[in-house]
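J.: Could you have a look at this structure, given as structure tokens, before my questions?
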Amino acid sequence: AQKVTQAQTEISVVEKEDVTLDCVYETRDTTYYLFWYKQPPSGELVFLIRRNSFDEQNEISGRYSWNFQKSTSSFNFTITASQVVDSAVYFCALTPGHIIQGAQKLVFGQGTRLTINP
Amino acid sequence: GAVVSQHPSRVICKSGTSVKIECRSLDFQATTMFWYRQFPKQSLMLMATSNEGSKATYEQGVEKDKFLINHASLTLSTLTVTSAHPEDSSFYICSASELRTDIGTGTDTQYFGPGTRLTVL
């Protein structure tokens with residue numbers, strides 16, 4: 001069975017602080033994909049990143065960075081110099097990957113509600 | 119990135135009526151679309167997987183006769199909530215996965231629509 005745990009239900013920080021959102025996953029698959037999505041108050045889920053299980057390189061995109069560690073089954077997300085517009089619910093998700101192309105179910109974590117205060 | 123639209127964005131209906139929600143992939147073809155339901159302050163719950171030209175696969179506990187899904191083309195899937203009741207009030211979100219022509223790249227990224235807020239009175 002697959003499972004994604006986001007232990008932090010809510011985080012509140014002051015603007016310009018750095019904040020890390022934790023994501024721990026469970027899977028028996030050797031090949032899998034991890035995702036982060038952002039859900040602002042408008043409700044639409046915005047795709048942020050996708051990482052496959054064979055690529056443990058950390059990634060940086062502007063103020064966003066992701067730390068993938070297979071040894072601890074974690075895929076944490078850090079926002080540097082946070083801004084009010086970063087306020088949203090962030091979801092970590094997992095899906096099995098197979099060599100046959102196609103879409104698989106996403107298993108979502110419970111989400112972390114991030115509030116950036118001015 | 120790929121764009122997915124949903125219509126309507128918000129609907130209020132009386133108990134007993136049926137409501138149809140459309141999900142469209144605007145700039146890509148989607149072999150697979152997914153329908154999710156989200157209650158306030160909760161995560162997304164997968165309802166069903168919709169493949170173009172075939173019957174949808176429903177998750178355990180989801181009534182297929184209640185939530186009718188049709189995926190008639192590579193850019194359109196519809197979810198019809200039949201005989202809606204107040205407990206069906208929720209935020210419904212669809213996602214679409216792009217048809218890939220390159221083989222061996224594993225699973226595809228799902229792109230989400232903006233959601234439809236259904237309120238049943």
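Protein chains in written order, with the numbering used here: chain A, 1 to 118; chain B, 119 to 239. Heads up, the beta-carbon is just placed ideally off N, CA and C, and yes, glycines get one too. All figures in this text were calculated on a predicted structure; none of them were measured in a lab.
Would you tell me roughly how many angstroms separate the C-alpha atoms of B:Gly134 and A:Val89, rounded to the nearest one?
T.: In a straight line, the C-alpha of B:Gly134 is about 33 Å away from that of A:Val89.
J.: Can you confirm whether B:Gly224, when its beta carbon is compared against all beta carbons of chain A, has any partner nearer than 9 Å?
T.: Note on B:Gly224: pLDDT 45, under 50, position unreliable in the model; the coordinate value appears next. Chain A, which has a Cβ nearer than 9 Å to the Cβ of B:Gly224, makes this yes.
J.: Who are the neighbours of B:Gly233 on chain A, taking C-beta pairs under 7 Å?
T.: Neighbours of B:Gly233 on chain A, chain order: Gly43 and Glu44.
J.: For B:Gly224, which residues of its own chain have a beta-carbon under 6 Å away from its beta-carbon, when the five flanking residues on both sides are left out?
T.: The predicted model places B:Gly224 with a pLDDT of 45, which falls under 50 and marks its position as unreliable; any figure quoted below should be read in that light. Nothing listed; no residue qualifies.
J.: Smallest Cα separation from B:Met165: which of B:Ser201, B:Thr150, B:Gly171 and B:Phe185?
T.: Taking only the C-alpha atoms, the option nearest B:Met165 is B:Phe185.
J.: The beta strand (DSSP E) with A:Asn58 in it runs from where to where?
T.: Looking at the DSSP string, A:Asn58 is not in any beta strand (DSSP E), and its letter there is neither H nor E.
J.: Expressed to the nearest angstrom, what Euclidean distance is found between the alpha-carbon atoms of A:Lys3 and A:Thr95?
T.: Cα to Cα, the separation comes out at about 10 Å.
J.: What does a CB cutoff of less than 6 Å around B:Asn188 pick up in its chain, not counting 5 residues either side in sequence?
T.: Correct list, in chain order: Thr196.
J.: Which residues in the same chain as A:Phe53 place their Cβ atom closer than 6 Å to its Cβ, once the five residues preceding and following it in sequence are excluded?
T.: Strictly speaking, residue 53 of chain A in this sequence is Ser, with Phe absent from that position. Only Thr31 and Tyr32 meet the Cβ criterion.
J.: Rounded to whole angstroms, what's the CA-CA distance from A:Trp66 to B:Pro126? Just pull it up for me.
T.: Going by the C-alpha atoms only, they are around 35 Å apart.
J.: Rounded to whole angstroms, what is the Cα-Cα separation between B:Ser168 and B:Tyr210?
T.: Distance between the alpha carbons of B:Ser168 and B:Tyr210 is about 14 Å.
J.: I want to see whether chain A comes within less than 9 Å of B:Gln243, judged by CB atoms only; does it?
T.: What is shown of chain B runs 119 to 239, which leaves residue 243 of chain B out entirely.
J.: Does any C-beta atom of chain B lie closer than 9 Å to the C-beta of A:Gln8?
T.: Judged by the 9 Å Cβ criterion, A:Gln8 is not in contact with chain B.
J.: Do A:Glu10 and A:Thr115 have their CB atoms nearer than 9 Å?
T.: A contact, by the Cβ cut-off of 9 Å.
J.: Which word fits A:Thr72, buried or exposed, when buried means at least 16 other C-beta atoms lie within 10 angstroms of its C-beta?
T.: Exposed: under 16 other Cβ atoms inside 10 Å.
J.: Tell me where the beta strand (DSSP E) around B:Phe152 begins and ends.
T.: From DSSP, the beta strand (DSSP E) with B:Phe152 extends over Ala148 to Gln156.
J.: Verify the CB distance criterion: does A:Phe75 have a CB-CB separation below 9 Å to chain B?
T.: It does not; no Cβ of chain B falls within 9 Å.
J.: Nearest-angstrom Cα distance between B:Val129 and B:Val238?
T.: When rounded, the distance between both Cα atoms is 8 Å.
J.: Just list the residues that DSSP pairs A:Pro96 with in beta bridges.
T.: Answer is A:Tyr32.
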